[in-house]
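Numbering (our numbering), first residue to last: 147 to 317. Heads up, the beta-carbon is just placed ideally off N, CA and C, and yes, glycines get one too.
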Amino acid sequence: NAYLSKIATNPLSPLTQVSGPADLNYTATVGSLASTISLTLTAQDAGSVIKINGTTVASGVASGPIILTGASTPIDVLVTAENGTTTKTYRITAVKGLSDNAYLSKIESNPFASVTQVSGPADLNYTTTVSSSASTISLTLTAQDAGSVIRVNGSTVASGVASAPITLTGA
Numbered sequence: 147n148a149y150l151s152k153i154a155t156n157p158l159s160p161l162t163q164v165s166g167p168a169d170l171n172y173t174a175t176v177g178s179l180a181s182t183i184s185l186t187l188t189a190q191d192a193g194s195v196i197k198i199n200g201t202t203v204a205s206g207v208a209s210g211p212i213i214l215t216g217a218s219t220p221i222d223v224l225v226t227a228e229n230g231t232t233t234k235t236y237r238i239t240a241v242k243g244l245s246d247n248a249y250l251s252k253i254e255s256n257p258f259a260s261v262t263q264v265s266g267p268a269d270l271n272y273t274t275t276v277s278s279s280a281s282t283i284s285l286t287l288t289a290q291d292a293g294s295v296i297r298v299n300g301s302t303v304a305s306g307v308a309s310a311p312i313t314l315t316g317a
C-alpha cells in the first residue's frame, strides 16, 4: 500500500485535488508573502517510505521548509510501499495567493508641496497646497506591493513614476 492517509501543510492551507495521473495531484494556496512551506505526510501503511523532492521524511512528521520559487512551486512526493516495488507519485503544487495590499508607501507631488493626510473613509485621503500660479500637478505614487496597479484619474501609472499632469481648477 503506497497511499497517503493524510496531507497537512504549514502554513495551513486547504488542499484542492486536481485531475491528473491517478488523481494524486493537489494544489495548496498559501499567502502572497510566504517563502516556504512544510508538509506533514502520513502513510496509510506504517512500512511505507515517503520522499519529498527526493528526500526521505518520516510518516506523520513535518518536513523541513521547502522553498517556494515563484508564484507556483511543484512539490513531488513519492511513496514506496513496504514491498519496495509498489509506488504512488503525488504532486502538491504550492500556489502563492494574490496580495491584498493596496497601500502606498510614498506620495510626492510636482510642483513639490507637502502632502497631508486628512480624515475620511479609511483615512486614505490627502490634501496638498500649491502656488496659485500652478496650473497642473503630477503625482508620483509608490505602492507598498510591487504587484499593485495604481490608477490616477482612471489612467494606469507605474509605481514610482510621475502621473500625467492633472489640470488644477479653482479653489
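Cβ neighbour criterion (16 or more within 10 Å) applied to residue i
i, result
"L179", "exposed"
"S181", "exposed"
"Y236", "buried"
"I321", "An answer regarding residue 321 cannot be provided, because it is not within the stretch 147 to 317 covered by the chain."
"V176", "buried"
"S301", "exposed"
"L244", "exposed"
"S194", "buried"
"L185", "buried"
"K234", "buried"
"L314", "exposed"
Identified DSSP bridge partners for residue i
i, result
"L214", "Answer is none; L214 lacks a bridge partner."
"N256", "S284"
"T201", "I198"
"V303", "I296"
"P220", "T239"
"S184", "N156"
"A189", "L150"
"N271", "V264"
"Q163", "Y172"
"L250", "A289"
"T313", "T282"
"T226", "V195 and T233"
Same chain only: Cβ atoms within 6 Å of residue i, ignoring 5 sequence neighbours per side
i, result
"T173", "T162, V164, T239 and V241"
"I213", "T182"
"V223", "I198 and Y236"
"V203", "I196 and S209"
Rounded Cβ spacing between residue i and residue j (contact assumed at less than 8 Å)
i, j, result
"N247", "Q290", "5 Å"
Residues near residue i in its chain [Cβ-Cβ closer than 8 Å; skip 5 each side]
i, result
"S255", "V261, T274, V276, I283, S284, L285 and T286"
"P257", "V276, S277, A280 and I283"
Cβ neighbours of residue i in the same chain (closer than 7 Å, five flanking residues each side left out)
i, result
"G206", "T186 and T188"
The region 256-275 contacting the region 223-230, beta-carbon criterion three pairs below 8 Å:
no
Is it a yes or a no for the region 296-310 touching the region 273-281, going by three-plus beta-carbon pairs under 8 Å?
As far as the Cβ criterion goes, the region 296-310 does not touch the region 273-281, which means the pair count is below three.
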